[in-house]
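Printed below as a string of structure tokens:
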């Protein structure tokens with residue numbers, strides 16, 4: 017099937033697409049269901065949209081979703097949702113899943129989304145974003161939302177495929193995949209290698225002769241290598257994933273010497289086995305077992321010449337996890353879901369040391385912890401188009417304390433064109449290993465009384481689907497987050513993490529999607545959000561008041577080509593130093609061509625088409641209050657299916 021025909025069929029199914037998953041997949045209710053009837057304002061982006069718009073990373077996919085914005089500090093890409101993203105954190109208030117498998121590590125609880133995300137976007141079938149509190153099903157970290165990345169099935173990528181990319185500043189990438197049969201099983205294999213030399217960057221904060229006049233020369237390079245394997249054999253799905261990412265730091269973060277070879281590296285390894293079987297008409301059983309590791313290594317030069325010391329920061333996380341899920345359909349109009357989860361953090365190792373000129377250890381902690389949970393959920397079809405969802409989860413947290421997270425949702429469809437939803441829930445984020453264990457004699461100490469952050473939320477949502485080609489969705493929400501974890505200076509001069517302050521947010525999100533003649537797609541969204549400190553009413557850092565997004569995909573100049581255009585506007589934001597960053601609007605374009613029957617594919621993408629100069633807020637670890645972002649970038653992609 018030609019790409020344009022496939023895309024047209026995909027768009028026609030989009031408005032009624034189920035929240036799809038495999039044995040391990042999660043969604044708004046941890047099972048496959050119609051998107052419109054899910055007990056949340058779920059947003060989905062498909063593989064066709066990723067291809068047509070030329071999205072390069074998961075972060076760029078998420079940036080197309082209402083209420084989501086990004087921040088990049090030249091180290092990692094951070095994801096904000098509904099006006100909340102605290103510089104200095106690691107997107108730990110979002111839960112990130114791959115086919116339902118938890119990706120947040122067991123040291124920082126980071127939800128990675130940029131090039132550091134361990135899966136190549138070519139292997140993504142769809143991305144689900146479930147906004148709002150999700151702890152009633154998923155536990156810790158699901159405060160602001162759940163991101164579930166669904167990978168492609170082996171049948172979706174038959175045979176061998178290879179692609180090469182070339183881009184601005186010497187960027188290059190190779191990707192290959194193979195899908196086929198191995199005996200009675202079906203397999204999908206993927207491999208990626210990427211090198212990005214980067215550009216020289218100028219930071220006026222370092223404009224002194226001893227700092228190379230503020231120019232970080234050759235200090236923004238990045239490399240990524242990724243391996244992926246999925247094997248489907250009967251009721252079993254086996255998955256393996258390895259990712260290595262190395263990034264030079266041009267910003268002088270954490271007092272690193274400017275314009276010196278400071279490097280952070282991240283390695284993820286995931287192994288997962290999932291089993292799913294229907295036991296008669298009324299019973300379904302799902303079992304998952306997994307093992308994972310995360311390794312972070314930071315190498316920095318500290319001080320100023322000639323008194324420079326080498327700092328080494330090895331961090332290692334190891335954990336195993338399991339889930340047993342049972343669904344009972346024997347009661348009329350009810351779907352009962354019960355499950356238990358377990359995670360054993362076998363290792364949570366953190367070390368900070370100077371290796372030169374004189375070896376000295378500042379931190380050496382090797383911890384271990386466990387958490388387990390029980391959850392229950394009932395979907396009750398009351399009648400007359402009304403469904404009620406009631407759920408609760410009890411967690412035994414890392415510190416031994418218990419936490420109960422309830423949620424309730426009503427989904428009502430009085431007419432075929434209309435669906436209304438009312439949602440309330442609670443969520444929490446327990447302190448991660450870094451916040452609980454990090455200390456040194458010179459600057460920071462541990463707080464044994466540190467406890468979980470808490471969120472309470474309410475939301476009203478309406479969906480109107482005029483016909484198979486037009487849909488409009490609106491959501492009105494409010495939440496309050498309490499016991500926020502922050503680093504506070506104590507009376508003895510040392511820093512310590514404490515539960516301080518609260519934040520409140522309210523907002524409105526509207527999105528419209530239209531399937532136009534000849535397979536064109538037009539989508540636009542507008543978000544108005546106000547996220548402030550609960551006590552003072554002051555705007556929080558990196559909390560834009562408005563977001564506007566527009567995407568258009570259409571057949572282009574000649575047969576078998578598609579043009580994708582998308583623009584996004586991020587409203588005014590406040591930095592850590594309380595400066596104001598002006599609104600910015602970026603335009604991106606992607607032109608794809610797939611000659612029918614040839615197996616070849618070509619794409620040319622231009623990001624930041626107008627070469628707009630803009631910056632994102634920096635974190636407290638930086639001298640820079642704002643970090644300049646990339647200008648115009650181009651990318652040429654050539655692929656061949658064999």
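Residue numbers (this note's numbering): 17 to 658. By construction, the Cβ of each residue, glycine as well, lies at the ideal position given by its N, Cα and C atoms. What you are looking at is a predicted structure, and each value in this text was computed from that prediction instead of being measured.
Query: In whole angstroms, what separates the C-alpha of residue 543 from that of residue 482?; Result: 22 Å
Query: Taking the C-alpha atoms as reference points, what is the distance between residue 287 and residue 306?; Result: 6 Å
Query: State whether the stretch 606 to 616 contacts the stretch 629 to 645, with contact taken as three or more CB pairs (one from each stretch) at a distance under 8 Å.; Result: no
Query: Who are the near neighbours of residue 126 in its chain, counting only those whose CB is closer than 7 Å to its CB and skipping five residues on each side?; Result: 106, 107, 108, 120
Query: How many Å lie between residue 279 and residue 368 at the Cα?; Result: 15 Å
Query: Go ahead and label residue 393 buried or exposed: buried means 16 or more other beta carbons lie within 10 angstroms of its beta carbon, across all protein chains shown.; Result: buried
Query: Grouping DSSP H, G and I as helix and E and B as strand, with all else coil, what is residue 361?; Result: strand
Query: Is it true that the CB of residue 146 sits closer than 9 Å to the CB of residue 164?; Result: yes
Query: How long is the line joining the alpha carbons of residue 209 and residue 191, rounded to whole angstroms?; Result: 7 Å
Query: Going by DSSP, name the residue or residues bridged to residue 396.; Result: 350, 404
Query: By a C-beta neighbour count over all protein chains shown, 10 Å radius and 16 as the cutoff for buried, is residue 356 buried or exposed?; Result: exposed
Query: Using 10 angstroms around the beta-carbon of residue 525, count the other beta-carbons present and answer buried if the total reaches 16, otherwise exposed.; Result: buried
Query: In the structure shown, what three-state DSSP assignment does residue 329 receive?; Result: strand
Query: Only counting the same chain, and skipping five residues up and downstream in sequence, which positions put a Cβ closer than 7 Å to that of residue 433?; Result: 480, 481, 482
Query: What residue does the beta strand (DSSP E) around residue 97 start on, and which one ends it?; Result: 93 to 97
Query: By Cβ distance, which residues of its chain are closer than 6 Å to residue 622, with the 5 residues on each side in sequence left out?; Result: 605, 650
Query: Between the Cα of residue 259 and the Cα atoms of 585, 245, 250, 267, which residue gives the shortest distance?; Result: 245
Query: Over the uninterrupted beta strand (DSSP E) stretch that includes residue 161, give me the two end residues.; Result: 161 to 167
Query: If you pair each beta-carbon of the stretch 533 to 540 with each one of the stretch 558 to 571, do three or more pairs fall below 8 Å?; Result: yes
Query: In angstroms with no decimal places, state the Cα-to-Cα distance between residue 296 and residue 254.; Result: 24 Å
Query: Could you spell out the range, first to last residue, of the alpha helix (DSSP H) harbouring residue 251?; Result: Looking at the DSSP string, residue 251 is not in any alpha helix (DSSP H), and its letter there is neither H nor E.
Query: Could you check whether residue 548 and residue 519 sit closer than 9 Å to each other, using their CB atoms as the reference points?; Result: yes
Query: Among 451, 334, 375, 266, which residue has its Cα nearest to the Cα of residue 643?; Result: 266
Query: Note down, one range per segment and in chain order, each beta strand (DSSP E) of at least 3 residues found wholly within the stretch 122 to 208.; Result: 140 to 147, 161 to 167, 175 to 183, 188 to 198
Query: Three-state secondary structure (DSSP) at residue 69?; Result: helix
Query: Quick check: residue 99 and residue 477, are their CB atoms within less than 9 Å of each other?; Result: no
Query: Assign residue 229 to one of two classes, buried (16 or more other C-beta atoms within 10 Å of its C-beta) or exposed (fewer than that).; Result: exposed
Query: With the cut-off set at 9 Å, would you say residue 423 and residue 402 are in Cβ contact?; Result: no
Query: Residue 339 bridges to which residues according to DSSP?; Result: 304, 357
Query: Which class does residue 106 belong to by DSSP, given the choice of helix, strand or coil?; Result: coil
Query: If we require 4 or more residues per run, which alpha helix (DSSP H) segments fall completely within the stretch 422 to 505?; Result: 449 to 453
Query: Compare the Cα-Cα distances from residue 516 to each of 347, 545, 466, 563 and report the closest residue.; Result: 466
Query: Quick check on the burial criterion: 16 or more other C-beta atoms within 10 angstroms. Buried or exposed for residue 372?; Result: exposed
Query: Do the stretch 373 to 381 and the stretch 129 to 149 make contact, defined as three or more Cβ pairs closer than 8 Å?; Result: no
Query: Taking a contact to mean a Cβ-Cβ separation below 9 Å, would you say residue 384 touches residue 364 in this structure?; Result: yes
Query: Relative to the C-alpha of residue 513, which residue among 456, 452, 551 is closest?; Result: 452
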